[in-house]
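Asks: Residue numbers are given in full-length UniProt numbering: position 113 of the sequence shown equals residue 113, and the series is strictly consecutive.
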Amino acid sequence: MSTAQGERRLRLAATRALLYSLPANELFELPGRPHVVYQLRSYSNTGSTEEAALQARNDSPFLFKAFETGQIGPKRLARTKGDKPRTATIHEYLDWTVTAQAAEGDDELDFGGFRVLVILPRYRSGWPPPGGDVPDAPGEPCKPRAVGPPYSPLPVLQSHGRPVTAATIRSGPGYLEIPFVATHENKRGRGYCRCLVEAIEEIARTLGLRKLMLCSTNDAAVQSTWRHLGFEYASDEAMEQWDILHTDLVYLQNTTQMHKDVPPPRRIRSVVIKHDMFRQRSYAFPPGSG
Numbered sequence: 001m002s003t004a005q006g007e008r009r010l011r012l013a014a015t016r017a018l019l020y021s022l023p024a025n026e027l028f029e030l031p032g033r034p035h036v037v038y039q040l041r042s043y044s045n046t047g048s049t050e051e052a053a054l055q056a057r058n059d060s061p062f063l064f065k066a067f068e069t070g071q072i073g074p075k076r077l078a079r080t081k082g083d084k085p086r087t088a089t090i091h092e093y094l095d096w097t098v099t100a101q102a103a104e105g106d107d108e109l110d111f112g113g114f115r116v117l118v119i120l121p122r123y124r125s126g127w128p129p130p131g132g133d134v135p136d137a138p139g140e141p142c143k144p145r146a147v148g149p150p151y152s153p154l155p156v157l158q159s160h161g162r163p164v165t166a167a168t169i170r171s172g173p174g175y176l177e178i179p180f181v182a183t184h185e186n187k188r189g190r191g192y193c194r195c196l197v198e199a200i201e202e203i204a205r206t207l208g209l210r211k212l213m214l215c216s217t218n219d220a221a222v223q224s225t226w227r228h229l230g231f232e233y234a235s236d237e238a239m240e241q242w243d244i245l246h247t248d249l250v251y252l253q254n255t256t257q258m259h260k261d262v263p264p265p266r267r268i269r270s271v272v273i274k275h276d277m278f279r280q281r282s283y284a285f286p287p288g289s290g
C-alpha cells in the first residue's frame, strides 16, 4: 500500500470513529414527530460476529429481507463454487456492515464504524391513571446530550413495539454514509422513512457533518422517493470534487450514489401540555421556521 493510500485509510478511520461519540441504545425524540423515537444500535464488539449479526437480523428482519430476497446466499454459493474464489454475497455485506467489521488487511473491504439507526413507535399514555403518582418536573431542565431537542422529554421516552424502519450509517470526512435503508413491508407509505431521514440529519448536524451520501438501488420508484426527500444524483465529477472515492464507501452493484446537503435545524418551540400532575412535552414549528 502506498503512503498516500495509508494516509487516506488512517484519515477515514479517524472520521469513522466520530459516530461512536454518540451514545448507543438510548432513545431520542424527533421534534414534530411525537409518535416515534429513534435509537442508535451497536452490534460490534460483542465477542461473536455470528451472534451479533443474528441479533441484528432478529431485531430488524425487514432490513435484510429487502436486499436478500431473490439473491443467492453464501451457503448455496459455497456449494456451487466449492473452494474456488468467489465474490461476497449481499447477505455477507449486510452482516459485515451491521457488525462493523473493520478491515484487517490492506486489500480487504472495510466495514468499520457502522451503527444501525432505527425508528420505533413511541409509547405515550393519554393521561395518568387514577391515583397515579406522576412527579412534577422542576422548571425546564436542559437535557445533557447534544443530540436531539433542547429539553428533556416529558414523560420519559419509551418505545412501543419493534423497529419500523432502519438504516446503516457511518461517519466519514464531512459526510454521513448510508448504504442500506429499509422500511417494514407493512409500514410503508406512512412517513416513517421521512422520520428516518430527519433523524439522520439530526445526527449529522450533531457531528458537524454537512452531507449525506446514500447508496440507492436502481429501482425508479425507490429513486423517486429519495428525490422527493431531497436527495440528488452524485456524478463522478462531483465525487471527485468532494474527494470521495467509491472505495471509501460500501459500494454495491446495480446501485446509484445519491447525496443531500444537511439542512440547518428548524426553529422549534417547546409546548408542555399539563393535566393535573401529568406533563407532556411536544414541539411546534413557529411560522417561517422552514
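Ideal Cβ placement from N, Cα and C applies to all residues, glycine included.
#1: Are there three or more Cβ pairs, one per stretch, closer than 8 Å when the stretch 144-156 is compared with the stretch 85-100?
#2: What do you get for residue 214, buried or exposed, if any count of 16 or more other CB atoms within 10 angstroms of its CB means buried?
#3: Within its chain, find whatever has a CB closer than 6 Å to the CB of residue 282; leave out the 5 residues flanking it on each side and keep chain order.
#4: How would you write the range of the beta strand (DSSP E) that residue 258 sits in, first residue to last?
#5: Closer than 8 Å is the cut-off here; do at least three beta carbon pairs connect the stretch 249-256 with the stretch 195-205?
#6: For residue 176, which of 164, 120 and 199 has the nearest alpha-carbon?
#7: Between the stretch 43-57 and the stretch 208-228, can you find at least three pairs of beta-carbon atoms closer than 8 Å?
#8: Whole angstroms are fine: how far does the CA of residue 156 sit from the CA of residue 238?
#9: At what residues does the alpha helix (DSSP H) containing residue 280 begin and finish?
#10: On the DSSP bridge assignment, give the partners of residue 183 in chain order.
#11: If you draw a straight line from the alpha carbon of residue 100 to that of residue 274, how long is it in whole angstroms?
#12: Contact defined as beta carbons within less than 8 Å: I believe residue 170 pairs with residue 16. What is the distance between those atoms, to the nearest angstrom?
#13: Buried or exposed for residue 260, going by 16 or more other Cβ atoms inside 10 Å?
#14: What residues in its chain sit with their C-beta under 7 Å from that of residue 137, if we drop five residues either side in the sequence?
#15: Would you check if the distance between the CB atom of residue 212 and the CB atom of residue 178 is smaller than 9 Å?
#16: Roughly how many angstroms lie between the CA atoms of residue 118 and residue 257, to the nearest whole one?
#17: The beta strand (DSSP E) that contains residue 61, what's its start and end?
#18: Flag this pair as yes or no: are the beta carbons of residue 244 and residue 173 separated by less than 9 Å?
Replies: So, from the listed chains and residues:
#1: Per the Cβ contact rule, the stretch 144-156 is not in contact with the stretch 85-100 (fewer than 3 Cβ pairs under 8 Å).
#2: Along the sequence shown, one-based indexing puts residue 214 at 214. Counting the other Cβ atoms within 10 Å of the Cβ of residue 214 gives 16 or more, which makes it buried.
#3: The residue given as residue 282 occupies position 282 in the sequence shown. For residue 282, same chain residues with a beta-carbon under 6 Å away, outside a window of 5 residues either side, are 34 and 271 in chain order.
#4: Taking the sequence shown and counting its residues from 1, the one referred to as residue 258 is at position 258. Residue 258: member of the beta strand (DSSP E) spanning 255-261, first to last residue.
#5: Counting C-beta pairs closer than 8 Å gives fewer than three between the stretch 249-256 and the stretch 195-205, which falls short of the contact rule.
#6: Within the sequence shown, the letter at position 176 stands for residue 176. Of the candidates 164, 120 and 199, the one whose C-alpha sits nearest the C-alpha of residue 176 is 199.
#7: Verdict: no, contact absent.
#8: Taking the sequence shown and counting its residues from 1, one reaches residue 238 at position 238. Taking the sequence shown and counting its residues from 1, one reaches residue 156 at position 156. Cα to Cα, residue 238 sits roughly 44 Å from residue 156.
#9: Translated into positions along the sequence shown, residue 280 becomes position 280. Taken as a continuous stretch (DSSP letters only), residue 280 belongs to no alpha helix (DSSP H), being part of the beta strand (DSSP E) at 278-284.
#10: What you label residue 183 is simply residue 183 of the sequence shown in a count that begins at 1. Assignment of beta-bridge partners to residue 183 by DSSP yields 165.
#11: As a first step, residue 100 is located in the sequence shown; it is residue number 100 there, counting from the start. As a first step, residue 274 is located in the sequence shown; it is residue number 274 there, counting from the start. Taking C-alpha positions only, residue 100 is separated from residue 274 by approximately 44 Å.
#12: In the sequence shown, residue 170 corresponds to position 170, counting from 1. In the sequence shown, residue 16 corresponds to position 16, counting from 1. Confirmed, Cβ separation roughly 6 Å.
#13: Position 260 of the sequence shown holds residue 260. The residue is buried, with at least 16 neighbouring Cβ atoms inside 10 Å.
#14: In the sequence shown, residue 137 corresponds to position 137, counting from 1. For residue 137, the predicted structure reports a pLDDT of 45, less than 50, and the residue's modelled location is therefore unreliable. A value from the coordinates is still provided. Excluding sequence neighbours, residue 137 sits near 154 and 279.
#15: If you number the sequence shown from 1, residue 212 lands on position 212. If you number the sequence shown from 1, residue 178 lands on position 178. Their beta carbons are under 9 Å apart, which means residue 212 touches residue 178 by this criterion.
#16: As a first step, residue 118 must be located in the sequence shown, where it is residue number 118. As a first step, residue 257 must be located in the sequence shown, where it is residue number 257. For residue 118 and residue 257, the distance between alpha carbons rounds to 22 Å.
#17: Looking up residue 61 in the sequence shown gives position 61. Annotation for residue 61: no beta strand (DSSP E) segment contains it, though the alpha helix (DSSP H) segment containing it runs 61-68.
#18: Here residue 244 is taken as the residue at index 244 of the sequence shown, counted from 1. Here residue 173 is taken as the residue at index 173 of the sequence shown, counted from 1. For the pair residue 244 and residue 173, the CB atoms are nearer than the 9 Å cut-off.
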